[in-house]
Amino acid sequence: MKIISCSHGIHLTKKIANKLKCPSSQIQVSKFPDGELYIRFLTDVKNQNIILIQSFYGNINDCIIETLFAAKTAKSLGAKKITLVAPYFPYLRQDKRFKSGECISIKILAQYMDQAFDKIYILDPHLHRKNKLSQLFKTKSYLLSSNFLISEYIKKKISNPVIIGPDNESYKWAGKVAGILGCPSFILSKKRLTEKKVKITINKKISIKNKNVIIVDDIISTGNTIIQSIKKLKKLGAKKFYCIAVHGIFSENALKRIKKLNVTIITTNSIPNPVSKIDISGIIVEKLRLK
Ligand code: R5P
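Numbering (the numbering used here), first residue to last: 49 to 339.
Put into structure tokens, the structure is as follows:
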């Protein structure tokens, strides 16, 4: 087995390979002046089981093309089985036609991935209307969860917690983490007004006075879900605010804007960022060893 990093998996590849005691390598990726990608394997993949590590952040669409090109190239170079480990996998929120004429992006992307990979592992995919990855992918797919790691982090670092999920979709993280910790939790209600604007409402009586409030969600993108939640919750007398998310995308200067509200932010290292303090390499290794 060889662990090979794509351009956005470098931060995890060595850690995973060391834990598995496997050789690792990195594909060479560069861009031609016109924007086309150049991809080259720097290690022999013939008759090998190849594990490609790619987290789809930054220029997501380049990451997709690169990953598909890499998988198909490995196949044509004689690799035996090709597996994708995606700490963050994109387009999962585009899972239905919200307005007529819209593209159901994840459906199309999944078809391409099915053709390219023998197995796919995704950390905390944003499955809202679906429960299982097998409802999206035809190839073997495995879901990894960071809920236990997040719970462990809270147990070690934050006393007297109350967990808040900013919207119904967040129960898979906020509700589960509170369940593991055995602490109180509340789910708020969110209405998405535009791609960037959300409206948060608290429609239940919630008691957070003198508590350490931890907002738990899967993704922070523009940060507006978190910012609007904190603005509402600040009026209820909490002691301190934390926000823990699996995937810290932090578009639109989100990290800086959330920090202005005096909130401690923590994410996993599915996407590298200045607050990615929870290391997920261990759960990836555990799952790869099992399957
Ligand atoms: C969607 O429902 C997700 O769980 C997140 O709440 C959402 O993607 C966060 O987006 P933003 O940071 O842009 O508000």
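By construction, the Cβ of each residue, glycine as well, lies at the ideal position given by its N, Cα and C atoms.
- Remark: the shortest separation between the CB of Ala302 and any heavy atom of the ligand R5P falls under 8 angstroms.
- If the five residues before and after Leu157 are omitted, its C-beta is found closer than 6 angstroms to the C-beta atoms of Tyr139, all from its own chain and listed in chain order.
- Under the 10 Å beta carbon count, Phe146 is surrounded by fewer than 16 other beta carbons and is classified as exposed.
- DSSP places Lys238 in the strand class (E or B) of the three-state scheme.
- By the Cβ neighbour-count rule, Pro322 is exposed, with fewer than 16 other Cβ atoms within 10 Å of its own.
- The C-alpha of Ser233 is placed about 6 angstroms away from the C-alpha of Ala226.
- Apart from sequence neighbours up to five positions away, the residues of its chain that approach Gly213 with a beta-carbon distance below 8 angstroms are Tyr219, Trp221, Ala222, Gly223, Ser233, Phe234, Ile235, Leu236, Ile263, Val264, Asp265, ordered along the chain.
- For Cys291, the three-state secondary structure derived from DSSP is strand.
- No heavy atom of the ligand R5P is found nearer than 8 angstroms to the CB of Asp172.
- Sorting Asp172, Arg240, Arg177, Ala164 by C-alpha distance to the C-alpha of Ile99 places Ala164 at the top.
- Per DSSP, the beta-bridge partners of Gly296 are Ile268.
- Within the chosen limit of 8 angstroms, the ligand R5P does not reach the beta carbon of Asn195 with any heavy atom.
- Taking the Cα of Gln74 as reference, the smallest distance to any Cα among Asp82, Ala65, Phe80 is reached at Ala65.
- In this structure, the C-beta of Val246 approaches the ligand R5P to less than 8 angstroms from one of its heavy atoms.
- According to the DSSP secondary-structure assignment, Lys203 is paired through a beta bridge with no residue.
- Taken atom to atom, the span from the alpha-carbon of Phe89 to that of Ala118 is near 8 angstroms.
- Nearest to Asn251 by alpha-carbon distance, out of Cys231, Lys307, Leu281, is Leu281.
- Judged by DSSP in its simplified three-state form, Thr316 adopts strand.
- Residue nearest to Gln159 within the set Glu150, Ser189, Pro135 is Ser189 (criterion: CA-CA distance).
- For Ala158, the enclosing alpha helix (DSSP H) has its first and last residue at 153-164.
- Sequence-distant partners of Ile206 (beyond 5 residues in either direction) whose C-beta falls short of 7 angstroms from its own C-beta, in its chain, are Asn260, Ile262, Tyr290.
- Taken through DSSP and simplified to helix, strand or coil, Tyr219 comes out as helix.
- DSSP lists no beta-bridge partner residue for Ile64.
- Ser153 has its Cβ no nearer than 8 angstroms to any heavy atom of the ligand R5P.
- For Arg177, the CB stays at least 8 angstroms from every heavy atom of the ligand R5P.
- The closest heavy atom of the ligand R5P lies 8 angstroms or more from the beta carbon of Asp110.
- Across the set Gly230, Ile254, Thr270, Glu217, the C-alpha of Thr270 shows the shortest separation from the C-alpha of Thr242.
- By alpha-carbon distance to Glu334, the top candidate from Glu150, Ser193, Gln183, Lys128 is Ser193.
- Rounded to whole angstroms, the separation of the alpha carbons of Lys155 and Asp110 is 18 angstroms.
- No residue range can be given for Arg145, since it is assigned to no beta strand (DSSP E) and is classified by DSSP as neither H nor E.
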